[in-house]
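Below is one structure, written out as structure tokens; the observations come after it.
Protein chains: 2
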Amino acid sequence: MNATMELLQAHRSIRKFKDQPLADGLLEQIITAGQCAATSSFLQGATIIRVTSQESRQALAGYAGNQPYVAAAAEFLVFCADLRRAGKCCEKYQKPFSGEYTEQFIIATVDAALFAQNVVVAAESEGLGICYIGGLRNNPRQVSDLLKLPRGVYPVFGLCLGYPDQDPETKPRLPLPVILKQDTYDDSEDAALIDDYDEAVREYYRNRTGGGHGICWSEQVSTLLSEKSRPHMRGFLAEQGFDFK
Amino acid sequence: MNATMELLQAHRSIRKFKDQPLADGLLEQIITAGQCAATSSFLQGATIIRVTSQESRQALAGYAGNQPYVAAAAEFLVFCADLRRAGKCCEKYQKPFSGEYTEQFIIATVDAALFAQNVVVAAESEGLGICYIGGLRNNPRQVSDLLKLPRGVYPVFGLCLGYPDQDPETKPRLPLPVILKQDTYDDSEDAALIDDYDEAVREYYRNRTGGGHGICWSEQVSTLLSEKSRPHMRGFLAEQGFDFK
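Next up, the structure:
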């Protein structure tokens with residue numbers, strides 16, 4: 012297996028970072044590499060806010076549901092889906108701007124995600140650890156006000172970057188036949204595979220917590236999907252100009 | 012710069028592939044590496060349909076707006092956002108399933124995108140070329156029927172994979188100060204930078220087409236965003252169980 016494949020397989024989220032800044036220019040290099048990811052119809056519909064103000068970092072750590080590493084990591088980036096820049100292009104060419112379609116929400120959101128994942132790979136290739144912070148969507152209005160995000164822009168997630176001060180195990184993933192299907196979607200054989208996988212996840216949590224109660228994947232996910240999931244998002248996105256037409 | 016960073020920076024879409032299959036086991040290895048990408052709340056909300064049937068490939072090439080490389084590439088993968096699997100977890104634990112929130116649409120879509128970008132990096136690290144096919148969303152109902160995608164699952168995009176039979180230039184990206192902001196979103200200095208960038212893009216197209224008319228980035232994007240962008244997506248997604256509540 013080549014070194015890049017090994018790097019990808021070694022990924023785990025890091026939530027404890029050394030008090031060590033990135034070398035000069037490294038962040039820019041990582042973001043430049045990340046930016047080379049594919050972008051839908053060449054839109055380049057993503058913008059990063061690099062948060063350096065300690066006051067803002069503390070506020071964001073709170074908005075994300077008290078995640079202290081948001082403040083403590085060497086770098087914290089907020090990946091935004093951005094249609095505002097495209098709107099300016101429409102102004103320049105005196106065309107009407109239509110940012111209200113679900114499709115446009117999808118392309119900008121996917122652009123932000125592809126860009127971010129490339130940034131993650133670049134960062135990890137330099138020995139950095141990362142943690143995605145979806146928790147910013149707990150309080151997207153506060154986050155957007157703090158970062159002065161204009162209409163047409165929304166924070167998809169945050170990303171902590173820094174030198175790891177922990178070395179957690181990688182987390183087991185669903186078996187390949189469950190997530191890779193041939194020609195059609197057929198999950199009739201998945202239940203038994205997921206039962207086995209649930210045991211592996213239980214074991215992973217038992218090891219991590221030193222013998223405590225191991226929760227399995229299915230149970231975790233059942234909790235996640237039975238809750239009202241950030242019901243404020245729809246209204247927030249409408250305020251930001253994303254209309255799901 | 013390390014080899015992985017160089018690899019990321021060398022990315023360009025490939026639309027012409029050699030008639031050469033992937034070595035045995037390589038696709039599985041690439042997907043396994045890709046699957047190690049972060050996943051929101053451990054949801055793992057993505058499923059890949061690997062399309063091997065030539066008949067299906069031809070149909071998909073047409074649905075995507077006549078993109079022949081969808082049929083010709085060694086491999087074609089459809090990345091789906093998948094909440095159905097999570098719904099099954101809710102059944103198992105006798106909890107109500109709430110897949111109707113915008114937030115859940117976001118997490119499954121982002122999961123598919125992070126997974127895909129990791130697959131892309133893994134593939135490129137093995138000398139393969141790739142092309143994302145967002146065009147599947149031109150005819151998402153037909154695509155979903157062909158692949159028998161159940162409720163709770165939608166095709167986010169396709170991905171062509173194969174050995175490149177062309178060597179296009181990399182495409183210039185927006186200047187760093189435009190896409191990377193510090194602490195707050197401030198685009199007051201962007202216009203001049205984008206003017207320069209527009210010239211670079213014009214030049215890129217002129218070179219690629221051997222001296223023909225070069226269109227710039229701003230103009231391209233103004234066209235993209237002034238059109239009714241796949242207005243069927245909202246209705247299609249509602250049929251698939253994504254409700255944007």
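Protein chains in written order, with our numbering: chain A, 12 to 256; chain B, 12 to 256.
Ideal Cβ placement from N, Cα and C applies to all residues, glycine included.
Computed from a predicted model, the values in this text were never measured in an experiment.
Against chain A, the beta carbon of Asp-194(B) has neighbours under 8 Å at Ile-60, Arg-61, Val-62, Thr-63, Ser-64, Ser-67, Leu-158, listed in chain order. Note that the region 58 to 71 of chain A does not touch the region 103 to 110 of chain A; fewer than 3 beta-carbon pairs, one per stretch, sit closer than 8 Å.
Within the DSSP secondary-structure output, Leu-172(B) pairs in a beta bridge with Glu-86(B), Ile-141(B). For Ile-190(A), the closest Cβ of chain B is nearer than 8 Å. DSSP, read as helix, strand or coil, puts Lys-192(A) in strand.
Taking C-alpha positions only, Glu-17(B) is separated from Val-232(B) by approximately 28 Å. By the neighbour-count criterion, in which a residue is buried when 16 or more other Cβ atoms sit within 10 angstroms of its Cβ, Ala-249(B) is exposed. In chain order, Thr-113, Arg-245, Phe-255 make up the part of chain B whose C-beta sits under 8 Å from the C-beta of Phe-255(A).
Residue-level contact check: Arg-241(A) touches chain B, since one or more beta carbons of chain B fall below 8 Å from its beta carbon. With contacts defined as CB atoms closer than 8 Å, Phe-28(B) and Ala-85(B) qualify as a contacting pair. Proximity of Ser-233(A) to chain B, defined by a Cβ-Cβ separation below 8 Å, is satisfied. CA-CA distance, Val-121(B) to Ser-51(B), rounds to 8 Å. Residue state for Val-212(B) is assigned as helix, using DSSP reduced to three classes. Residues of chain A whose Cβ lies closer than 7 Å to the Cβ of Leu-125(B) are, in chain order, Ala-124, Gln-128. Going by beta carbons, Thr-58(A) and Tyr-196(B) fall inside the 8 Å limit. In this structure, the alpha-carbon of Ile-60(B) lies about 16 Å from that of Cys-142(B). For Ala-75(B), no alpha helix (DSSP H) segment is defined, and its DSSP state is neither H nor E. Residue pairing by DSSP places Tyr-165(B) opposite Ala-92(B) in a beta bridge.
Assigned with DSSP and collapsed to three states, Phe-28(B) falls in strand. Taking a C-beta distance under 8 Å as the contact criterion, Pro-32(B) and Arg-95(B) do not qualify as a contact pair. Shown here for Pro-242(A): not one same chain residue has a beta carbon closer than 6 Å to its own, the five before and five after excluded. With the rule of 3 Cβ pairs closer than 8 Å, the region 38 to 47 of chain A counts as touching the region 181 to 199 of chain B. Judged by DSSP secondary structure, Arg-61(A) falls outside any alpha helix (DSSP H) and instead within the beta strand (DSSP E) spanning 57 to 61. Under the rule that a run must span 4 or more residues, the alpha helix (DSSP H) segments found entirely inside the region 99 to 145 of chain A read 113 to 136. DSSP places Thr-43(A) within a helical segment (H, G or I) once states are collapsed to three. Taken atom to atom, the span from the alpha-carbon of Phe-247(B) to that of Arg-148(B) is near 10 Å.
The region 168 to 177 of chain B makes no contact with the region 197 to 212 of chain B; the number of CB pairs closer than 8 Å stays below 3. Excluding the 5 residues flanking it on each side, Gln-78(A) has same chain C-beta neighbours closer than 7 Å at Ala-72, Ile-144, Gly-146, in chain order.
Cβ contact annotation for Ala-124(B) (same chain, cutoff 6 Å, sequence separation greater than five): none. In the displayed model, Gln-177(A) falls within coil according to three-state DSSP, outside both helix and strand. With at least 16 other beta carbons inside 10 angstroms of its own, Lys-192(B) counts as buried. In this structure, Gln-115(A) lies away from Ile-190(B), with their beta-carbon atoms at least 8 Å apart. Excluding the 5 residues flanking it on each side, Gly-173(A) has same chain C-beta neighbours closer than 6 Å at Phe-28, Ala-84, Ala-85, in chain order. Within chain A, not a single residue places a beta-carbon under 9 Å from that of Lys-29(B); the smallest gap is close to 20 Å.
Chain order gives no chain B residues near Ala-72(A), where near means a beta carbon separation below 7 Å; the closest approach is about 15 Å.
Contact between Asp-93(B) and Ala-119(B) holds: CB atoms are separated by about 6 Å, below the 8 Å threshold.
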